[in-house]
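If you're matching positions, the sequence shown starts at 2 in the working numbering and goes up one per residue. So the structure is just underneath, and the comments pick up after that.
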Amino acid sequence: MRVHELAKELGVTSKELLAALGTMGVTGKSASSSVPDEMLPRLRASGGKATAGVKPREVLEPPPGPRKPAKARARAAPAAEAVSAPAAPEIAAAELEPARAPVAPAPAVGRRRREARQPEPLPGGPVLQVVRGATPQQIAEKTDRSPAEIVKFLFMAGDMVTATTSLSDESITLVADNLGLSPQIVGVEDEVLAELDEVEVDEAQMVPRPPVVTVMGHVDHGKTKLLDSIRETDVVAGEFGGITQHIGAYQAHVGDREITFIDTPGHEAFTAMRARGARVTDIAVLVVAADDGVMPQTVEALDHAKAAGVPIIVAVNKIDKDEADPNRVRTQMVERGIVPSEWGGDHEFVDVSAKAKQNLDALLETILVVADLEELKGDPSGLARGTVLEAHLDKGRGPVATVLVQRGTLEVGDALVSGTSYCRVRAMFDEHGREVKVAGPAKPVQILGWSHVPESGDDFREADDERDARHIAAEREAKTRAAELVTSGARMSLQDLMRRAERAEIPELNLVVKSDVQGSLGALTDSLLKLPQDEVRINIVHGAAGGITEQDVSLAMASNAIVIGFNVRPDARARELAEKEGVDIRLYRVIYDAIDEVKSALSGMLKPEERESVLGEAEVRQTFRVPRLGVIAGSYVRQGTIRRNGLARLVRDGVVVYEGKVGSLRRFKDDVGEVREGFECGIGLENFSDIKEGDVIEAYQVEEFARSI
Numbered sequence: 002m003r004v005h006e007l008a009k010e011l012g013v014t015s016k017e018l019l020a021a022l023g024t025m026g027v028t029g030k031s032a033s034s035s036v037p038d039e040m041l042p043r044l045r046a047s048g049g050k051a052t053a054g055v056k057p058r059e060v061l062e063p064p065p066g067p068r069k070p071a072k073a074r075a076r077a078a079p080a081a082e083a084v085s086a087p088a089a090p091e092i093a094a095a096e097l098e099p100a101r102a103p104v105a106p107a108p109a110v111g112r113r114r115r116e117a118r119q120p121e122p123l124p125g126g127p128v129l130q131v132v133r134g135a136t137p138q139q140i141a142e143k144t145d146r147s148p149a150e151i152v153k154f155l156f157m158a159g160d161m162v163t164a165t166t167s168l169s170d171e172s173i174t175l176v177a178d179n180l181g182l183s184p185q186i187v188g189v190e191d192e193v194l195a196e197l198d199e200v201e202v203d204e205a206q207m208v209p210r211p212p213v214v215t216v217m218g219h220v221d222h223g224k225t226k227l228l229d230s231i232r233e234t235d236v237v238a239g240e241f242g243g244i245t246q247h248i249g250a251y252q253a254h255v256g257d258r259e260i261t262f263i264d265t266p267g268h269e270a271f272t273a274m275r276a277r278g279a280r281v282t283d284i285a286v287l288v289v290a291a292d293d294g295v296m297p298q299t300v301e302a303l304d305h306a307k308a309a310g311v312p313i314i315v316a317v318n319k320i321d322k323d324e325a326d327p328n329r330v331r332t333q334m335v336e337r338g339i340v341p342s343e344w345g346g347d348h349e350f351v352d353v354s355a356k357a358k359q360n361l362d363a364l365l366e367t368i369l370v371v372a373d374l375e376e377l378k379g380d381p382s383g384l385a386r387g388t389v390l391e392a393h394l395d396k397g398r399g400p401v402a403t404v405l406v407q408r409g410t411l412e413v414g415d416a417l418v419s420g421t422s423y424c425r426v427r428a429m430f431d432e433h434g435r436e437v438k439v440a441g442p443a444k445p446v447q448i449l450g451w452s453h454v455p456e457s458g459d460d461f462r463e464a465d466d467e468r469d470a471r472h473i474a475a476e477r478e479a480k481t482r483a484a485e486l487v488t489s490g491a492r493m494s495l496q497d498l499m500r501r502a503e504r505a506e507i508p509e510l511n512l513v514v515k516s517d518v519q520g521s522l523g524a525l526t527d528s529l530l531k532l533p534q535d536e537v538r539i540n541i542v543h544g545a546a547g548g549i550t551e552q553d554v555s556l557a558m559a560s561n562a563i564v565i566g567f568n569v570r571p572d573a574r575a576r577e578l579a580e581k582e583g584v585d586i587r588l589y590r591v592i593y594d595a596i597d598e599v600k601s602a603l604s605g606m607l608k609p610e611e612r613e614s615v616l617g618e619a620e621v622r623q624t625f626r627v628p629r630l631g632v633i634a635g636s637y638v639r640q641g642t643i644r645r646n647g648l649a650r651l652v653r654d655g656v657v658v659y660e661g662k663v664g665s666l667r668r669f670k671d672d673v674g675e676v677r678e679g680f681e682c683g684i685g686l687e688n689f690s691d692i693k694e695g696d697v698i699e700a701y702q703v704e705e706f707a708r709s710i
């Protein structure tokens, strides 16, 4: 067991547990160090407090790899006094076994869990924290039991499992309850974040760092144009449709100081990308067009900035236009709780024009002033940590990730791990494509050398060496697969089967989605899944970053899906196979077009709307019985037209007693196609003879109209 896993189980920090191990004669270097098996019972019994005992063996450490002198001191775990924690109560092994009961026929599967003994967890007792999909072997290690005991108990409770079977949340809770522990089931990502939060900040090593500024706002309000004017570049020209569809991270120089800008897309489909930008930022610049005012995505971006708890600067753009009204923008922002400083509030407003380059210096000075008030600092020593802003698969360079370093210093050759991917940094580049050797806090860089494309928005951290990074990534991937296996392999109830049967009646549109980068892929799939799916459903069979390959087309063939490519192209073999097999490949460069076409396809799958219109009405004045024809209604057409073979209903005293068709229609002895208002006729209803005088025959038609989502 690793130090950080045991520390989480006992409710102490890794630093405290390392100090306790040190007083007990065990040398540990980091939270990833191993804890000797013979020390586990004593540490659990004492809650992480040092106790006297037999001489333990040394902690197993991986062979040291190449180290940089600047980081060698930071990697040594600082000594600290062990902090006492309440002792965990000893649980007898016998408690694992359920209460003995007379031999009886096996209960129904749905009742087995309820009949197993489930004592209440001890109030305020220790917590059993495991990752979703944990196995009996992993639970046994955390509770100092043997896997056989856990398997035996679950077998008695009705679960046929082995020591390596991934358990459902219900099974984990059942075991924890019977051990008198409070279960806490977390996801792999929660465990990763907990590991990252364990590192304590050394105030003595803190130095001033550049502020990280996120530019947010509504689409076409001039966010990217504002950055273009600051950096004197033209990024907008490189974006299809004139909108930014990726997160761009850039550094601008203001005198001898630097400002890191993160440009987030303004289209509503990129909500998740904007949320990631707000999570890593120090200051949010909200761009609002002076001629347009506050718009829906402006409010959405404002909510993200408020949730991140960062200072907000409002840049009122396009003041050079004749219809510009900066005061109206201020009034609208006041209504949402953003009061300008000149009106006695706490938020800075700067009137700018990105096109005319007006007041840009004032905006930059305001950003630096707010940054000085925040006293932003970073620790350049120690292992690097940060966030993956964007990631994609480059055909020539392999997996590439744009990261923002938040702690430590990142250098070429370092080993990193992010989620289930790892890398040894082969090369780093800045926003201009220039090679970078060292990246400190608040520095955005592109990194090459990943095992596979990491997820956008994931945190990354530096490992001791590449082998350690590979080991951590493999552990996370195994846990992720176990959790997915539990979710996909869960037992189905009768209600689940009924819901699946109902779902089968609803038509589905299967899609294979490919995009150039992970962020755009997530934004596109989120937008597609948000479309109304009450009557038709979207099923994304596969989604990934990278070009359209032959395997994607084969998958679309097997699942009868449409391939959607966003800023990517199919290779020659994929195009040839698609033409041969008739697989539809749709390519888009603007997200609006992709969403609109999928919406149109869903609309085409909707059942048409039926609308009924009354054609005519006839009153029955006399009835006749005719051989081989049945009862004929001598009628007078009061309004409209009665047509032969048309739809009709018979109404008696306001109640519909028949719905069908007009079987025969005659004027005197002649068969006619229709009879208009003011004429008499004989009407025979198809397969119906119970016609009486005074009834009303109503002719109508049903028209189908196409519907749209």
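Beta carbons are placed, not taken as given, at the ideal position from N, Cα and C, and that holds for glycine.
Should residue i go down as buried or exposed, given a rule of 16 or more other Cβ atoms within 10 Å for buried?
i, result
"His393", "buried"
"Gln640", "exposed"
"Lys444", "buried"
"Arg574", "exposed"
"Lys480", "buried"
"Asn688", "exposed"
"Gly338", "exposed"
Do residue i and residue j have their C-beta atoms closer together than 7 Å?
i, j, result
"Phe461", "Ser521", "no"
"Gln185", "Glu10", "no"
"Ala357", "Lys319", "no"
"Gly409", "Leu384", "yes"
"Ala416", "Ile448", "no"
"Gly683", "Ile643", "no"
"Leu666", "Val673", "yes"
"Val437", "Val446", "yes"
"Ile284", "Pro211", "no"
"Glu699", "Arg650", "yes"
"Gly685", "Gly664", "yes"
"Pro571", "Ile549", "yes"
"Val638", "Val697", "no"
"Val439", "Glu412", "yes"
Could you please give the first and the last residue of the uninterrupted alpha helix (DSSP H) stretch that includes residue i?
i, result
"Gly23", "15–24"
"Asp170", "170–179"
"His222", "Run containing His222: none; DSSP gives neither H nor E here."
"His5", "4–11"
"Asp553", "551–560"
"Arg574", "573–582"
"Arg133", "Note, Arg133: premise wrong, no alpha helix (DSSP H); not H, not E."
Keeping to the same chain, check which residues put their C-beta closer than 7 Å to that of residue i; ignore five residues upstream and five downstream.
i, result
"Val518", "His247, Glu391, Ala392, His393, Ala546"
"Lys160", "Before going further, note that residue 160 is Asp rather than Lys in the sequence given. Contacts found: Ser172."
"Asp352", "Val317, Ile320, Pro327, Asn360"
"Asp293", "His222"
Do you know how far the Cα of residue j is from the Cα of residue i?
i, j, result
"Ser516", "Ser169", "34 Å"
"Arg677", "Gln702", "16 Å"
"Gln407", "Arg329", "38 Å"
"Leu377", "Thr166", "48 Å"
"Pro341", "His348", "5 Å"
"Ala20", "Gly26", "10 Å"
"Gln552", "Glu463", "34 Å"
"Val286", "Ile314", "5 Å"
"Leu175", "Ile541", "35 Å"
"Gly111", "Leu303", "Only weak support is given to the placement of Gly111: the predicted model assigns it a pLDDT of 35, under 50, and the question is left unresolved by the model."
"Leu182", "Ile260", "49 Å"
"Ala524", "Val220", "15 Å"
"Asp145", "Asp465", "29 Å"
"Lys396", "Pro312", "40 Å"
Take residue i and list the residues in its own chain whose beta-carbon comes closer than 8 Å to its own, dropping the five residues that flank it on each side.
i, result
"Ile539", "Glu509, Leu510, Leu512, Leu529, Leu530, Leu532, Val599, Leu603"
"Glu555", "The residue you asked about is not Glu; residue 555 is Ser in the sequence shown. Closer than 8 Å at the Cβ level, and outside the excluded window around Ser555, lie Leu578."
Just reading off the beta strand (DSSP E) that residue i is part of, what are its end residues?
i, result
"Phe1", "Lying outside 2 to 710, the shown extent of the chain, residue 1 is not represented and no answer is given."
"Asp395", "386–395"
"Ser521", "Looking at the DSSP string, Ser521 is not in any beta strand (DSSP E); the run it does join, the alpha helix (DSSP H), is 519–530."
"Thr711", "Within the shown structure, residues of the chain are numbered from 2 to 710, placing residue 711 beyond reach of any answer."
Enumerate in chain order the residues of its own chain whose CB-to-CB distance from residue i is below 6 Å, with the five nearest sequence positions on each side excluded.
i, result
"Gly441", "Pro381, Thr410"
"Glu704", "Arg612"
"Glu675", "Thr642, Arg644"
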